[in-house]
Amino acid sequence: MPTFDLYAMEPEEPLRQVPASGAARFTWEYDDGRDRLLALYQKGKDKQWDGQKRIDWKLEVDPYDPLGTPDEAMSLYGTRHWAKLTEKDKGELRKHYASWQFSQFLHGEQGAMICAARIVESVPDLDAKFYSATQTMDEARHAEIYGRFLHEKIGMLYPINDNLQSLLDDTLRDARWDMPYLGMQVLIEGLALAAFGMIRDTTDKPLPKQILAYVMQDEARHVAFGRMALRDYYKQLSDAELREREEFVIEGCYLMRDRLRGVEVLENFGIPKAEAEEYSEQSEFLTLFRKLLFSRIVPCVKDIGLWGKRLQQAYVDMGVLEMGDASLDLLMSEDEEIAEKLDAERFAAEEQARVAEVTGAIDAGRAAD
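Counted from 1, the sequence shown has number 1402 at position 190 by the numbering used here; the numbering is strictly sequential.
What follows is the structure, encoded as structure tokens:
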């Protein structure tokens, strides 16, 4: 079925064009590179995988409860509207929320694919071009997987959130070669990683858990790449240039905190926008969720050298400054381990099933004799 037939809301435009500026950069130095980035490039090659084969698409998904979302996690819970909902209505609401979340993941991954391709084009160093080429493939795989999950398992999509689109547009329009790193690798992917991790760690549904764990294994490398490249480059910038990038980070963080709340879902259920925004703002679950969304961004921003007073004050206002002391390396290591553990459990179960099948065939043969 064509995607446009599955949208819960009509996208504003069937094809969005973002005018891009900036130079394509060639380098003629082919034998010089940073060992850390080249090692990451090798890991990127070694860790390529096929989303059609690694993920068990035979697993069933209830489209009306695809993530096992508790009532308390929905922003309508406890409002005057909640008591009027039937069980069927609540199932529809869960379906719409999951569709909205995974649709933003899907659109974000397409944006990440385009940004990674831009990095290949614009970054001046060959080692970074090499790694970005592997990331472009990773992001294509992620978009493929999220698209399949939405089409085949949920059966509904939402258009890209206006504010996510705005941040993507700003990232792509900027002529400076480091801005796709900063906008995508640090802000958008950092936000996505935190959201992926919260769902991965709370859902009891095996298929979305698999998808999120395997995608996060890739994303751990992507964030490491952005940190390496930007940390090296930002050491060379003037205070004024660093302040410009900090302003971009501040604006992007406020935009994501205040505007990525799924208000479109409630509007689809007939609730006026102002009222929907109020419910989203007052929801205890969403308040915690929005705060935890910065668990990957704040330590990364600090690590790459953007830590001026105004940026720190913005994080104080958001209540997330203390997250700057978190260990990104530990978080990324845990992401790797969770994906590998899922693989090991699945392979063990498949091996056990094969052993049982062979044993059964042998027993059947003996009985026939």
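Each residue gets a CB set at the ideal place from its N, CA and C atoms; glycine is no exception.
Burial state of residue i, where buried means 16 or more other Cβ atoms lie within 10 Å
i, result
"ILE1574", "exposed"
"GLU1401", "buried"
"PHE1216", "exposed"
"ALA1406", "buried"
"ARG1439", "buried"
Closest Cα partner of residue i within the set the options
i, options, result
"GLU1364", "LEU1424, THR1346, LYS1270 and ASP1382", "LYS1270"
"MET1468", "SER1311, GLN1316, PRO1275 and ALA1310", "GLN1316"
"GLU1552", "VAL1528, GLN1422 and ASP1350", "GLN1422"
"GLN1260", "ALA1352, PHE1314 and GLU1456", "ALA1352"
"ARG1266", "ALA1568, LEU1379 and GLU1562", "GLU1562"
"PRO1371", "LEU1394, LEU1338 and PRO1223", "PRO1223"
"ASP1413", "THR1281, ASP1381 and CYS1465", "THR1281"
"LEU1218", "ALA1295, MET1368 and ALA1406", "MET1368"
"PHE1314", "ILE1366, GLU1493 and GLU1463", "ILE1366"
"GLN1229", "MET1213, ILE1326 and ASP1451", "ILE1326"
"GLY1263", "SER1311, VAL1427 and ILE1462", "VAL1427"
"ARG1292", "GLN1525, PHE1501, GLU1487 and ASP1268", "GLU1487"
Reduced DSSP secondary structure (H/G/I, E/B, other) of residue i
i, result
"LEU1297", "coil"
"TYR1219", "strand"
"LEU1554", "helix"
"ARG1237", "coil"
"ILE1462", "helix"
Range of the contiguous alpha helix (DSSP H) that encloses residue i
i, result
"ASN1373", "That residue, ASN1373, is in no alpha helix (DSSP H); it is neither H nor E in DSSP."
"SER1492", "1485-1494"
"LEU1338", "1338-1360"
"THR1414", "1401-1414"
"LYS1270", "Here LYS1270 belongs to no alpha helix (DSSP H), and DSSP marks it neither H nor E."
"GLY1395", "Unbroken run through GLY1395: none, as it is neither H nor E."
"MET1530", "1521-1530"
C-alpha distance - residue i paired with residue j, whole-angstrom precision
i, j, result
"SER1539", "GLU1241", "35 Å"
"VAL1435", "GLN1397", "6 Å"
"LYS1417", "VAL1273", "8 Å"
"PRO1420", "PRO1231", "35 Å"
"GLY1536", "LEU1498", "21 Å"
"GLU1549", "ARG1473", "30 Å"
"PHE1238", "ASP1337", "8 Å"
"MET1544", "GLY1572", "42 Å"
"VAL1335", "ARG1388", "9 Å"
"TYR1491", "GLY1359", "29 Å"
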